[in-house]
Structures are given as C-alpha cells and as structure tokens.
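Engineer:
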C-alpha cells in the first residue's frame, strides 16, 4: 500500500466533490463548481492511496496566517496517516511563506477523528475572540464553528520581513 500527497489536478474535481459531499451535512455539500473554485483560488492537496482518493485539504495565506478551510479524509481510519500528511504538507508550505500559524476551520459536523488528529498534531481550540486582531480580520470572511490553531513561529512578526 502506497500513499502519495500531491497537488490536486482538474481530473480530481469529481472525486473531491464526492468525498466532500459524503463527509459534509446536506447544507454544506459542495458541487463540482465550488470544488473547481477551491482548486483555482487555494493551495489544494490530495492524498492518494492505492490509486484511490482518501483525503483532500485546501488552504490559503493572508497577512502571514495560513487558513485551512477544507479538510476531508475518508474512510475514517485514514485520518491518522492521510490527515497527518496533508497537514504536514500545508504547514511546510506555510512556513516557507513565513506564516505565523495555521488555522484549521472545522464545521460543527467535522468527525471526532479530525479533532483528535489536530490536537495530536499540536493544534489548540480557540475562540475567535482569543485570536490577534489581524487574525480575526483574516478569518472574518470564513464560516466555521470551530477554530483550531497551531503556531508555526515563536513570535508574531511586527515589522515587515
């Protein structure tokens, strides 16, 4: 069994939409147009195991904050491996861009396996009020009930890099 983490491609859109629909409540189910928008506007990674899509994550960076707002893994037993590798890939890219933290936004319907993995990986649940003002501004355009934060730098950048 081999697992590969790679950038998402146009031919992955159908599989990504299916996976997101299967792991989302009815009101949050994306269609292929929305998944195409993710692909064109965010960094999107997929986890492939034995030629099958087992995970997807999408993120973007703004004001030195990485925001991961798409994170789906199926079947559930793949969270520990595929989920970990997707997060590590995003964190590596975010560090290259000098991001201070990665914020993972979870819907209320996120599986407990996702929360457990995030906590094992060093993410902490936070309320928006606990976050720095600049981070709150970045997150104001995103909808999510849960915010999980992992600092990637020891200190915030207060002067231009």
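In the working numbering, the protein residues as written are 542 to 702. Backbone N, C-alpha and C fix where the C-beta goes; we use that ideal spot for every residue, glycine too.
1) Compare the C-alpha of residue 551 against each of 689, 622, 581 and 642 and name the closest.
2) Reducing DSSP to helix, strand and coil, say where residue 553 ends up.
3) At what residues does the alpha helix (DSSP H) containing residue 660 begin and finish?
4) Under three-state DSSP, which class holds residue 603?
5) Is the region 671–683 touching the region 627–637 in the sense that three or more CB pairs, one from each, lie closer than 8 angstroms?
6) On the CB-based measure, 16 or more other CB atoms within 10 Å of its CB, does residue 649 come out buried or exposed?
7) Considering only residues of the region 612–637, which uninterrupted alpha helix (DSSP H) runs meet the minimum length of 4 residues and lie entirely inside it, listed in chain order?
8) Does the structure place the region 618–626 close enough to the region 589–607 that three or more beta carbon pairs sit under 8 angstroms?
9) Output the boundary residues of the beta strand (DSSP E) element that contains residue 590.
10) Given that a residue counts as buried once 16 or more other Cβ atoms are within 10 Å of its Cβ, and exposed if not, what is residue 681?
11) Using CA atoms only, rank isn't needed, just tell me which of 615, 574 and 632 is closest to residue 602.
12) Would you mind working out which of 608, 647, 655 and 644 sits nearest residue 619, comparing C-alpha positions?
Structural biologist: Quick answer:
1) The sequence position of residue 551 within the chain shown is 10, counting from 1. Among 689, 622, 581 and 642, the Cα nearest to that of residue 551 belongs to 581.
2) Residue mapping note: residue 553 aligns to position 12 of the chain shown, counting from 1. Helix at residue 553.
3) Position 119 of the chain shown, counted from the first residue, corresponds to residue 660. Residue 660 -> alpha helix (DSSP H) spans 653–661.
4) Here residue 603 is taken as the residue at index 62 of the chain shown, counted from 1. Residue 603 falls in the strand class under three-state DSSP.
5) Touching, no.
6) As a working note, residue 649 is residue 108 in the chain shown. Classification for residue 649: exposed.
7) 625–637
8) Counting Cβ pairs under 8 angstroms, three or more are found: they touch.
9) Translated into positions along the chain shown, residue 590 becomes position 49. Start and end: 584–590.
10) For the purposes of this step, residue 681 is identified with residue 140 of the chain shown, where counting begins at 1. Exposed, by the Cβ-count rule.
11) Reading the chain shown from its first residue, position 61 is the one you call residue 602. Looking at the Cα atoms, 632 is the closest of the given residues.
12) As a first step, residue 619 must be located in the chain shown, where it is residue number 78. If we check each option's Cα against that of residue 619, 655 comes out closest.
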